[in-house]
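> After the structure tokens below, expect a handful of questions from me.
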Amino acid sequence: MIKSEMIFLGPPASGKGTQTEKLSKELNLPHIDTGKLLRAEIEAKTKEGKIAKKFMDQGQLVPAQLVAQIIIKKIFSQEAQNGYILDGFPRSIEQAEILEKALMDAGKANSNKRIVIKLLVDRNSLLERIVNRRMCKNCNKIYNLKTFPPKINGICDACGGKLYQRTDDNEETATKRFDTYNKETAPLADYYREKGFLVTVNADGEPSEVYQEILSKIK
Ligand code: ADP
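Mind the numbering: the sequence shown is residues 284 to 502 in the working numbering, read in order.
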């Protein structure tokens, strides 16, 4: 039985990665970061990674079965036996249904322990966040050149790793990612709301304020 399942929803750059990383440490639950797992497949040049890259560079969703296969393996892993935090999956109703079926088939469905947290953000600030986002190649820490720059240009404060810009963090691809979000992911919030799992959090403020609001909603 899954004891705790948290699903984060929110448009690109709404802060899902920052918040779920912190929450994962505090609650001692694994952070299952879909984008990061897909980027690791690309880096490792696997067959899945090659397929995923084509979609990611276009700002589109990677085929559901491919993503689901990667995520469901994590959900059923030993380290997730007490629960997990899902960041970036499911991202469409189709994916939510694949997840549901996998949990049912494995006899692990326990919807009492599910909470879906939707981050609400002012759309105008998102593009600005995306083009200024830099990430550590080594530990994946996220920076923003304007609001949260590293102390030394191009170097991670936490581990000394090199910072890089994701290839999909440019204006053109980001615009497509927003369209994909509106079309595929936004309806998922209504889907979970109707089932009674959804809570919303205002994510416009400082990361620490957003985090406190998340904590208050999950208690
Ligand atoms: P963001 O939330 O900022 O868009 P992510 O790192 O979560 O960043 O995702 C980057 C890209 O990876 C997406 O634009 C999409 O192409 C792909 N991706 C991530 N999660 C999924 C998913 N659940 N299903 C399909 N594709 C996904």
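All residues carry an ideal CB built from backbone N, CA and C; glycine is no exception.
Consult DSSP for R476 and reduce its assignment to one of helix, strand or coil.
Helix.
> Please report the Cβ distance between L312 and T463, rounded to the nearest whole angstrom; I am assuming they are in contact, meaning their Cβ atoms lie under 8 Å.
So it is not a contact: roughly 28 Å between Cβ atoms.
> Determine the DSSP secondary structure at N423, reduced to helix, strand or coil.
Residue state, collapsed to three classes: coil.
> With the cut-off set at 7 Å, would you say I325 and G332 are in Cβ contact?
Yes, Cβ-Cβ distance for I325 and G332 is below 7 Å.
> For L382 and M418, which I take to be in contact (beta-carbon distance under 8 Å), what is that distance rounded to the nearest angstrom?
In fact, because the Cβ distance is near 26 Å, the residues do not count as touching under 8 Å.
> With 16 as the cutoff for other CB atoms within 10 Å, does I435 come out buried or exposed?
When all chains shown are included, I435 counts as exposed.
> Between R476, G390 and L321, which has its C-alpha nearest K336's C-alpha?
K336 has its Cα closest to that of L321, out of R476, G390 and L321.
> Taking just the CA atoms, how far does A327 sit from L481?
Going by the C-alpha atoms only, they are around 35 Å apart.
> Could you please give me the residues that DSSP links to E288 through a beta bridge?
Paired residues: Y367 and R397.
> Let's test the definition: count the other Cβ atoms within 10 Å of the Cβ of K308 and tell me whether it reaches 16, buried, or not, exposed.
Classification of K308: exposed, given that the 10 Å Cβ count is below 16.
> Could you give the uninterrupted runs of the beta strand (DSSP E) lying entirely in the segment 304-351, keeping only those of 3 residues or more?
Correct list: 314-316.
> What is the DSSP secondary structure of N436, reduced to helix, strand or coil?
In this structure, N436 counts as coil in the three-state DSSP scheme.
> Have a look at A400 and I354 and give me their C-alpha separation to the nearest angstrom.
Before going on, a small fix: residue 400 reads as Ile here, not Ala. Going by the C-alpha atoms only, they are around 18 Å apart.
> Identify which residue in D440, T430, E411 and S408 has its Cα closest to the Cα of N421.
Residue D440 is the option with its Cα nearest to N421.
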